[in-house]
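Participant:
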Amino acid sequence: MATIKDVAKAAGVSIATASRVINKSPHTSPSAIQAVQLAMNQLGYRPNANARALVNKASNTIGVVVNDVSAPFFGAMVKAIDTVASEQGKQLLIGSGYHNSDKERNAIELLLNSQCESMVVHSKGMSDEELYKLAAEIPGMVFINRIVAGLEDRCVALDNYKGSFLATEHLIKNGHRDIGYICSSHNITDAHDRLNGYRDALSYYGLAQRDYYIEFEEPDEKGGEQAMVNLMAKNIPLTAVATYNDYMAAGCMAMLQENEIRIPEDVSIVGFDDGLIARYIYPRLTTIRYPIQIMAAEAVKLSNQLLESQSIAQQNRLFLPILVRRSTVANIIPRTHINTETIRK
Numbered sequence: 001m002a003t004i005k006d007v008a009k010a011a012g013v014s015i016a017t018a019s020r021v022i023n024k025s026p027h028t029s030p031s032a033i034q035a036v037q038l039a040m041n042q043l044g045y046r047p048n049a050n051a052r053a054l055v056n057k058a059s060n061t062i063g064v065v066v067n068d069v070s071a072p073f074f075g076a077m078v079k080a081i082d083t084v085a086s087e088q089g090k091q092l093l094i095g096s097g098y099h100n101s102d103k104e105r106n107a108i109e110l111l112l113n114s115q116c117e118s119m120v121v122h123s124k125g126m127s128d129e130e131l132y133k134l135a136a137e138i139p140g141m142v143f144i145n146r147i148v149a150g151l152e153d154r155c156v157a158l159d160n161y162k163g164s165f166l167a168t169e170h171l172i173k174n175g176h177r178d179i180g181y182i183c184s185s186h187n188i189t190d191a192h193d194r195l196n197g198y199r200d201a202l203s204y205y206g207l208a209q210r211d212y213y214i215e216f217e218e219p220d221e222k223g224g225e226q227a228m229v230n231l232m233a234k235n236i237p238l239t240a241v242a243t244y245n246d247y248m249a250a251g252c253m254a255m256l257q258e259n260e261i262r263i264p265e266d267v268s269i270v271g272f273d274d275g276l277i278a279r280y281i282y283p284r285l286t287t288i289r290y291p292i293q294i295m296a297a298e299a300v301k302l303s304n305q306l307l308e309s310q311s312i313a314q315q316n317r318l319f320l321p322i323l324v325r326r327s328t329v330a331n332i333i334p335r336t337h338i339n340t341e342t343i344r345k
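In structure tokens form, the structure reads like this:
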């Protein structure tokens, strides 16, 4: 890994000059700035965040990287982090990565240049290897909703597989055999884990896995609506649909209701996340609770412990999802006579 000495040598300046450029000190010539920045780019040099904070007397800030700050799920996450930050007299700086490696990288770089003392990062685009290297340079960096190989003790995540298994299992235990699945089209671990949870629940209870019962779309209301259109066009005998998130479920429900298909009498629906929308659409949505507020608070607490060099337990902070029963699942066991206990054996 390149050092400031290597940067100074490559730029043809003294270490003191290189330090002034790196720390954006005044009274540095434009030529020196250009030479040092070029050397930093060529060598892939990034100053240690703690050292930079000491030189610059960094403000008390927490950096947050999310997929899209305008999405309600991430809004809840940011609000939870901000609540903890406010209690500690800290401010938030927020960047959006949009599940894109370049945008995530740029957002992290922006937070670094703003001298954030700690960082809570929701990254789905960057590789484990790159995040591992960044974490070595940023002692207060914590990852949320992801397990990064080699950094398990700095990760706060949800068992997405278990959540989707629970959702599908709930439908099966209510007598459903023909269960569709509406999945996110994003190539991220959350989507893969939730799809696998659906598939494995079917297998566990002795039900066939049928790929044509699965649709992939954008993880929002419009995507859920389109996915339901696609499933209906196939003319398959669906009695239930599990979905990637509550917003896809809402779009799915709107499509069914517009076509006078009753929920849950004709088709049962299960969402995922338990966002506000799940409580206020009609019928109220049965879903899987994602405790993002608790997880976000835990991430900030962990980041502070890392910054203060406190002992951190070597463990996965893997939170468990909970099934929230509301009004969108009908029990059809009298019609189908599925004995799930017999199937389980």
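So in UniProt numbering the end of the sequence shown lands on 345, straight run, no missing numbers.
C-beta: ideal position from N, C-alpha, C; glycine also.
Computed from a predicted structure; not experimentally measured.
Which of the three DSSP states is assigned to Gln91 in this structure?
Facilitator: Residue state, collapsed to three classes: strand.
Participant: Can you check the segment 92-122 for any alpha helix (DSSP H) of at least 4 residues that lies completely inside it and give the ranges in chain order?
Facilitator: Complete alpha helix (DSSP H) runs here, min 4: 101-113.
Participant: If we ignore side chains and look at the alpha-carbon of each, how far apart do Ala297 and Ser101 end up?
Facilitator: Looking at the two C-alpha atoms, the distance is approximately 25 Å.
Participant: For Leu318, which residues in the same chain have their Cβ closer than 6 Å to its Cβ, ignoring the five residues on either side in sequence?
Facilitator: Once the five neighbours on either side are set aside, the close Cβ partners of Leu318 are Ala157 and Asp159.
Participant: Would a C-beta distance cut-off of 8 Å place Gly251 and Gly223 closer than the cut-off?
Facilitator: A contact, by the Cβ cut-off of 8 Å.
Participant: Which residues in the same chain as Tyr198 place their Cβ atom closer than 7 Å to its Cβ, once the five residues preceding and following it in sequence are excluded?
Facilitator: Counting only Cβ-Cβ distances below 7 Å, and skipping sequence neighbours, we find Ser164, Thr168, Tyr181 and Ala242.
Participant: So, with DSSP's three-state summary, where would you put Ser164?
Facilitator: Ser164 falls in the helix class under three-state DSSP.
Participant: Quick check: what's the CA-CA separation for Val148 versus Ile62?
Facilitator: Going by the C-alpha atoms only, they are around 20 Å apart.
Participant: Tell me which same chain residues have a C-beta within less than 8 Å of the C-beta of Gln37, skipping the five on either side of it?
Facilitator: These residues qualify, in order along the chain: Val21.
Participant: Looking only at its chain, what residues have a beta carbon closer than 6 Å to the beta carbon of Thr28, apart from the 5 residues adjacent to it on each side?
Facilitator: Arg20 and Val21, listed in sequence order.
Participant: With distance defined between alpha-carbon atoms, name the residue in Asn196, Ala208, Leu92 and Met255 nearest to Lys162.
Facilitator: Out of Asn196, Ala208, Leu92 and Met255, Asn196 has the C-alpha closest to the C-alpha of Lys162.
Participant: Is Ala330 closer than 8 Å to Ser268 when the C-beta atoms are compared?
Facilitator: It is a contact, given that the beta carbons lie within the stated cut-off.
Participant: Measure the alpha-carbon distance for Pro139 versus Arg194 and round it to whole angstroms.
Facilitator: Distance between the alpha carbons of Pro139 and Arg194 is about 31 Å.
Participant: Bridge partners for Tyr181 per DSSP, in chain order?
Facilitator: According to DSSP, Tyr181 bridges with Ile214 and Ala242.
Participant: Would you call the segment 97-112 and the segment 120-135 touching, i.e. three or more CB-CB distances under 8 Å?
Facilitator: Counting Cβ pairs under 8 Å, three or more are found: they touch.
Participant: If you scan the segment 262-317 from start to end, which runs of the beta strand (DSSP E) of 3 or more residues do you find wholly inside it?
Facilitator: List check, beta strand (DSSP E) in window: 268-270 and 287-289.
Participant: Looking at the secondary structure, which residues open and close the beta strand (DSSP E) in which Ile144 lies?
Facilitator: Its beta strand (DSSP E) spans residues Met141 to Ile144.
Participant: How would you label Arg154, buried or exposed, when you count the other beta carbons within 10 angstroms and need 16 or more for buried?
Facilitator: Result: buried.
Participant: Taking Thr61 as part of the beta strand (DSSP E), name the residues at either end of that continuous run.
Facilitator: Taken as a continuous stretch (DSSP letters only), the beta strand (DSSP E) holding Thr61 covers Thr61 to Val66.
Participant: By Cβ distance, which residues of its chain are closer than 8 Å to Gln257, with the 5 residues on each side in sequence left out?
Facilitator: Taken in chain order, the residues that qualify are Ile263.
Participant: Where does Ile15 sit, in a helix, a strand or coil, going by DSSP?
Facilitator: Here Ile15 sits in helix by DSSP.
Participant: Please name the residue, chosen from Thr328, Ser327 and Leu307, that lies closest to Ala136 on a Cα-to-Cα basis.
Facilitator: Checking every option, the nearest Cα to that of Ala136 belongs to Leu307.
Participant: Within 10 angstroms of the Cβ of Ala227, are there 16 or more other Cβ atoms? Answer buried if so, exposed if not.
Facilitator: Buried, since its Cβ has 16 or more Cβ neighbours within 10 Å.
Participant: Could you tell me the boundaries of the beta strand (DSSP E) in which Leu134 lies?
Facilitator: First-last for Leu134: Asp128 to Glu137, but that is the alpha helix (DSSP H), not the beta strand (DSSP E).
Participant: Candidates Val121, Ala32, Glu265 and Arg210: which alpha carbon is nearest Lys234's?
Facilitator: Checked all of Val121, Ala32, Glu265 and Arg210; the closest Cα to Lys234 is Arg210.
Participant: Return the first residue and the last residue of the alpha helix (DSSP H) that Ala227 is part of.
Facilitator: Run containing Ala227: Glu221 to Ala233, per the alpha helix (DSSP H) assignment.
Participant: So, is Tyr282 buried or exposed, given that buried needs 16 or more other C-beta atoms within 10 angstroms?
Facilitator: The residue in question, Tyr282, is exposed, as its Cβ has fewer than 16 Cβ neighbours within 10 Å.
Participant: Tell me the rounded alpha-carbon separation between Lys173 and Pro321.
Facilitator: When rounded, the distance between both Cα atoms is 18 Å.
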